[in-house]
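Line by line, the protein sequences are chains A and B.
If you read the first sequence in the working numbering, its first letter stands for residue 156, the second for the next number, and so on.
If you read the second sequence in the working numbering, its first letter stands for residue 793, the second for the next number, and so on.
No residue lacks a Cβ here, since even glycine has one placed at the ideal position from N, Cα and C.
Written out below as structure tokens is the structure these notes cover.
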Amino acid sequence: MVNQRWVLDLVERVGAVAQGATVTVPLGDGDPGQLVQNVGAWCARTGNELVEVRENVATVRRGRSPDPLAELAPDQVPGTRLWMYTNFDCNLACDYCCARSSPQAPRRALGIDRIRRLAGEAADAGVIELLLTGGEPFLLPDIDDLVAACTAVLPTTLLTNGMLFRGRRLEALRRMDRTRLALQISLDSATPDLHDQHRGRGSWSRAVAGIRTAHAEGFRVRVAATLPPEQTHQLEPFHTFLDSLGIAREDQVIRALAHRGVAEHGLELTIESLIPEVTITADGVYWHPVSADHPDQLVTHDLFPLHAAITEVRRRFTEHRARATAAAQWFPCA
Amino acid sequence: MSKPLIVGSVAYTPNVVTIWEGMRDYFADGPAEMDFVLFSNYARQVDALLEGTIDIAWNTNLAWVRTVARTDGACRALAMRDTDTVFRTMFVARSGSALGGLENLKGKRLALGSKDSAQAAILPVHFLGRAGLGPDDVELVRINSDVGKHGDTGRSELDALRAVLDEHADAAAIGINTWEAIGREELMPGAFEVFWESPTYCHCNFTVLAGLAEDRVEPWVDKLLAMDWDDPQHRPILEMEGLRQWVSPQLDGYASLFEAVREQEISIRW
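Below is the structure:
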């Protein structure tokens, strides 16, 4: 039998709890779809939130959950920045690479056509910055065309190990738009030891040389270090060294090593613990660049339309946060 | 800097804490800092106002009437919600009851809310009197839940509606806020219909004693009236408190309640 009093019960129970708390109200028998519609209508007019109707019992939250997207800094909102993996092969085989890149890794190139289309759709979808990464993008013979397709539309950052700025690749670098492109070069330490230990002998010297070259060519250079979490407290000598290379402090990026890819240790990063940064590879759309080779963070195989992928990432992020908030509500005590 | 103004409010729902913490934060950046004290009922709050424990009381209409009576008018209202200026009592019955107005209640049972609820008890009896119905004409089914909170919880009004559904009463008198909260006729189709709607009257206001210095009151009121529905920082508080805009008080809107309290010889204390 339909319980016609559920509205009265809802008003009374919701009024007796604090904002954000949930109440349950039996709805009696009836068509589940209709019951959801009825309680949803009540919630819509009274500014409350229907959590679920299960076995004809409604769970309603007093007030509305805060919008998780509104709580993020503007540049953290998923879809504000778009990452693209240009390729997965690399001239290095770093022992902590989250993308499992190496000279033996298949290229899996995104390609100029898709990058051009993604860049175009990105601007329309509200993206304000493009980031190209790999693998090592300078292994691609058309890297300057890929970059041009991006810088023509939006400010762009190109991640590289900085070791290949010679010959035709240096010429390609020189053709890139200095006013729209920043280079982000990987360097892990102020001296060769630590860097070379993870990335290969001689790689530190060549990376430093690459930083100097990029600077000399007039590019803005960011330097990004990947460090085990326990080493992130000994940074001052590294900052001092980067200062000596002319890298602005705001362009000195320190990232904690993630337990992803071939890394044996590092931070455990899951969809629940990561604020997403929409990431495109040749295989699909991923939650975050640190997990672009991991099925657990694959969002969809469909790269297009890009706005649909961004919408889906935002939807899932909102859903995860709502679930986390609800869990905190249900288990408030240690 | 002068000490914060202390605002009293009755804790009729846990949300009151959220509301007043939000209000305190809003006022924190000056020029009229405030803090708040919660009371379990309006009698204690009015006592505290008269004793000087609080500077401002967020009063119901009955608490306002009692404050006026106990101070011989040496008090004033500072502001109210836009929704307070258009409060109404709705007389509802089962759909299809064929009740067409108050006069049709003769010989019927009318469920009323808490005896200290202006909207669900005191004013309904006043309106019956204006319609020519005396104590012997209508059987009053009084539901005195949450006495002391002047009907703020709404519980007695919901119980009055349940009384109608249970056929313990033929009609119920409830505030427009409760009628809105249950979704009017729309969410319980075939359950209730309004057969008489009262003239508008005023509900809550911020009350101060006449002696509170104007240079303390004015900046507080100015800041209050500046709360903006379109400001995302302000809106959650306004939504929870049930208004879109704070407005200047409209004292004419209390005339019917002053009259009702006098007619029904309602105590000026409880």
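Going by DSSP, B:D827 is part of the beta strand (DSSP E) stretching over M826 to F831.
Listed along the chain, the chain A residues whose CB falls inside 9 Å of the CB of B:L957 are Q159, R160 and L163. Look at A:N193: its C-beta is under 9 Å from a C-beta on chain B. A:Q174 belongs to the set of residues whose beta carbon lies under 9 Å from a beta carbon in chain B. Bounds of the alpha helix (DSSP H) holding B:Y818 are N807 to F819. B:V857: member of the alpha helix (DSSP H) spanning N853 to R862, first to last residue. The C-beta of A:R200 comes closer than 9 Å to at least one C-beta of chain B.
No Cβ-Cβ contact shorter than 9 Å links B:A820 with B:F883. Residues of chain B whose Cβ lies closer than 9 Å to the Cβ of A:A171 are, in chain order, T805, P806, T945 and R947. Residues of chain B whose Cβ lies closer than 8 Å to the Cβ of A:W359 do not exist, since the nearest Cβ in that chain is about 49 Å away.
Linking A:L429 to B:P1028 through their CA atoms gives a straight-line distance of about 28 Å. Between the C-alpha atoms of A:M239 and B:N997 there is a straight-line separation of about 58 Å. The Cβ-Cβ distance between A:R333 and A:G373 falls below 9 Å.
For B:V1000, the enclosing beta strand (DSSP E) has its first and last residue at N997 to L1001.
Contacts with chain A at 9 Å (Cβ-Cβ) do not include B:G967.
Counting only runs of at least 4 residues, the stretch 253 to 331 of chain A fully encloses the following alpha helix (DSSP H) elements, listed from N- to C-terminal order: 267 to 279, 298 to 306 and 322 to 329. For the stretch 236 to 258 of chain A, the set of residues with a beta-carbon nearer than 7 Å to any beta-carbon of chain B is empty.
Of all residues in the stretch 197 to 224 of chain A, the ones placed with a Cβ closer than 8 Å to any Cβ belonging to chain B are W197, R200, T201, G202, R217 and G218, in chain order.
For the pair A:N316 and A:A362, the CB atoms are nearer than the 9 Å cut-off. Your pair A:V433 and A:V468 checks out as a contact, with CB atoms roughly 5 Å apart and the cut at 8 Å. Under a 10 Å Cβ-count criterion, A:L458 is classified as buried, with 16 or more other Cβ atoms of the shown protein chains found around its own Cβ. Under the DSSP assignment, B:Y804 falls outside any alpha helix (DSSP H); it carries neither an H nor an E label. Under DSSP, B:M872 shares a beta bridge with B:V1039. Out of A:H388, A:D351 and A:R476, the CA that lies nearest to the CA of A:D250 is found in A:D351. Contact between the stretch 319 to 330 of chain A and the stretch 290 to 300 of chain A is present: 3 or more CB-CB pairs across the two stretches fall below 8 Å. When B:D874, B:T810, B:L870 and B:A885 are compared, the shortest CA-CA separation from B:L1004 is found for B:L870. A Cβ-Cβ distance of about 22 Å is found for the pair A:E291 and A:P310, leaving them out of contact under the 8 Å criterion.
Inter-segment contact for the stretch 409 to 428 of chain A and the stretch 373 to 382 of chain A is present: three or more beta-carbon pairs are separated by less than 8 Å. Spatial neighbours of A:G202 in its own chain (CB-CB distance under 8 Å, excluding positions within 5 residues in sequence) are listed in chain order as G218 and R219.
The C-beta separation of B:G893 from B:F987 comes to about 7 Å, placing the pair in contact by the 8 Å criterion.
Going by DSSP, A:L190 is part of the alpha helix (DSSP H) stretching over P187 to T201. Straight-line measurement puts the Cα of A:F393 at about 10 Å from the Cα of A:T387. In chain order, S257 place their CB closer than 6 Å to the CB of A:A248, counting only its own chain and leaving out the 5 sequence neighbours on each side. In this structure, the beta-carbon distance from B:I966 to B:E978 does not fall below 9 Å. The stretch 794 to 804 of chain B and the stretch 829 to 840 of chain B touch, with three or more beta-carbon pairs separated by less than 8 Å. Taking a 10 Å sphere around the C-beta of A:E226, we find fewer than 16 other C-beta atoms and assign the residue as exposed.
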